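Here the sequence shown stands for residues 6 to 381, where the numbers follow my numbering. Don't be surprised by glycine CBs; every beta carbon is placed ideally from N, CA and C. Model, not experiment: these values are computed from the prediction. Take a look at the structure below.
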Amino acid sequence: MEKIVDIIESIANEKKLQIQDVKERVVTAITNTAKKIYGYEFGYDVKFDSVSKTVKLYQKILILDNEDERLKEECKNFISLNDAKQIDSSLEIGDALTYELSFDNLGRTAAGILSKELDYHIQKLIEEKIFDKYKQKIGKIIFGVVTHIDSDENTFIEVDDIKAIMPRKNRIKGEKFKVGSVVKAVIKNVYMDKIYGVKVEISRTTPKFLEALLSAEVPEIKDGSVIIQASSRIPGERAKIAVTSSSPNVDPVGATVGTKGVRINAVSSELNGENIDVIEFAAQPEIFISRAMSPAIVSSVKIDDKKAIVSLVSEQKSKAIGKSGINIRLASMLTGYEIELNEIVKNANTTTSIEDNVDVKKSNDLTDLKKLFGDL
Numbered sequence: 006m007e008k009i010v011d012i013i014e015s016i017a018n019e020k021k022l023q024i025q026d027v028k029e030r031v032v033t034a035i036t037n038t039a040k041k042i043y044g045y046e047f048g049y050d051v052k053f054d055s056v057s058k059t060v061k062l063y064q065k066i067l068i069l070d071n072e073d074e075r076l077k078e079e080c081k082n083f084i085s086l087n088d089a090k091q092i093d094s095s096l097e098i099g100d101a102l103t104y105e106l107s108f109d110n111l112g113r114t115a116a117g118i119l120s121k122e123l124d125y126h127i128q129k130l131i132e133e134k135i136f137d138k139y140k141q142k143i144g145k146i147i148f149g150v151v152t153h154i155d156s157d158e159n160t161f162i163e164v165d166d167i168k169a170i171m172p173r174k175n176r177i178k179g180e181k182f183k184v185g186s187v188v189k190a191v192i193k194n195v196y197m198d199k200i201y202g203v204k205v206e207i208s209r210t211t212p213k214f215l216e217a218l219l220s221a222e223v224p225e226i227k228d229g230s231v232i233i234q235a236s237s238r239i240p241g242e243r244a245k246i247a248v249t250s251s252s253p254n255v256d257p258v259g260a261t262v263g264t265k266g267v268r269i270n271a272v273s274s275e276l277n278g279e280n281i282d283v284i285e286f287a288a289q290p291e292i293f294i295s296r297a298m299s300p301a302i303v304s305s306v307k308i309d310d311k312k313a314i315v316s317l318v319s320e321q322k323s324k325a326i327g328k329s330g331i332n333i334r335l336a337s338m339l340t341g342y343e344i345e346l347n348e349i350v351k352n353a354n355t356t357t358s359i360e361d362n363v364d365v366k367k368s369n370d371l372t373d374l375k376k377l378f379g380d381l
């Protein structure tokens, strides 16, 4: 046990751990070793001497009342008050007799057990720190180099101090990676595997990846003046994102799209050409749903619990549905409503959209809104 304080400091520096955390794990390792050698029935105490930089191990025997039932158990961890008084007359019930123990004269057995215990608990500490570090990064973008692709097309990527995995389902359709490729993705999940330790799952298909890319590309999103309220994706094909502004001087859609679409195009390029619709969020569900149905022009929206009945003229139906139903599916995912289309007959007058009937930006009167939508 000589100079163990120096060993603790060395481990902490080498593994980039806190000295106090390492010290606690060393205490656990020493205590477990003592239990295996001297017996599990005893209590143990470990104390560090910062001056000599050594550690001392003590066995504790609790002093009980002479009539305590626990004294009848076959346990050497207790001693009666009468017996304890014979050793030290100043002892009282609840005190403990302590005896210093040593591993030094127990040979290779004790050294081997202690070495395994230290390795195990230090490794567990490292894993816990890595787990906490990456748990806080869920939803954040990471970069890594592909080191391996297995037979199931799971892609293994080395990221700093861990090896992350991107399952095939988390890869955009049509993407191909090879060993040495640099991959950008978002951390989707972090969990502890009993056999392999910390597992970090990354993804390029989750809507969070789209949001993270936009946050990196659009300064107004990063600084909070533009807020992403919702997003939905069919990876590699199309996405919708709803944004709002925390400042009346910032156009959330314009800021997100960028001049001549430069910002949104940069994000689309990273997503293999995925088309991205940017709409302005509205707290009023009818307005939000009508915007989510873009590029279709909606005549009216009626809310029935979590279903939205969207009325529109026949010429707008194909736009509302989209190729293979992609537009209506994305709108439903974005708004959280099941959307049902109701085709109406176009009259002789010019067709107007639901937003032609109400200016949400200018109206702060909820009563007026209820009147406008009450008959829908």
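Residue environment analysis places glycine 266 among the exposed positions, since fewer than 16 neighbouring C-beta atoms fall within 10 angstroms of its C-beta.
Rounded to whole angstroms, serine 208 and isoleucine 12 show a C-alpha spacing of 40 angstroms. Here DSSP, grouped into helix, strand and coil, assigns tyrosine 139 to helix. The beta carbons of leucine 69 and serine 85 sit closer together than 8 angstroms. Annotation: glutamate 343 to glycine 241 spans about 23 angstroms, alpha carbon to alpha carbon. Cβ atoms of arginine 268 and valine 231 stay farther apart than 8 angstroms, at about 11 angstroms. In the DSSP annotation of this structure, the continuous segment of the beta strand (DSSP E) that includes glycine 48 starts and ends at 48 to 54.
Glycine 117 sits in a helix when the DSSP states are folded into three classes. In the DSSP assignment, the residues bridged to glutamate 105 are Tyr63.
For serine 220, the enclosing alpha helix (DSSP H) begins and ends at 212 to 222. In the three-state reduction of the DSSP assignment, asparagine 254 falls in the coil class, being assigned neither a helical nor a strand state.
The beta carbon of glycine 202 sits closer than 7 angstroms to those of Glu132, all from its chain and outside the five residues before and after it, given in chain order. Closest by C-alpha distance to lysine 129, out of Lys199, Ile146, Ile281, Ser156, is Lys199.
For serine 299, the closest alpha carbon among the candidates Gly278, Leu335, Val195 is that of Leu335. In this model, glycine 149 and tyrosine 49 are separated by some 46 angstroms (Cα to Cα). Asparagine 18 and valine 51 have their C-alpha atoms roughly 22 angstroms apart. In the three-state DSSP reduction, valine 303 falls in the coil class, being neither helix nor strand.
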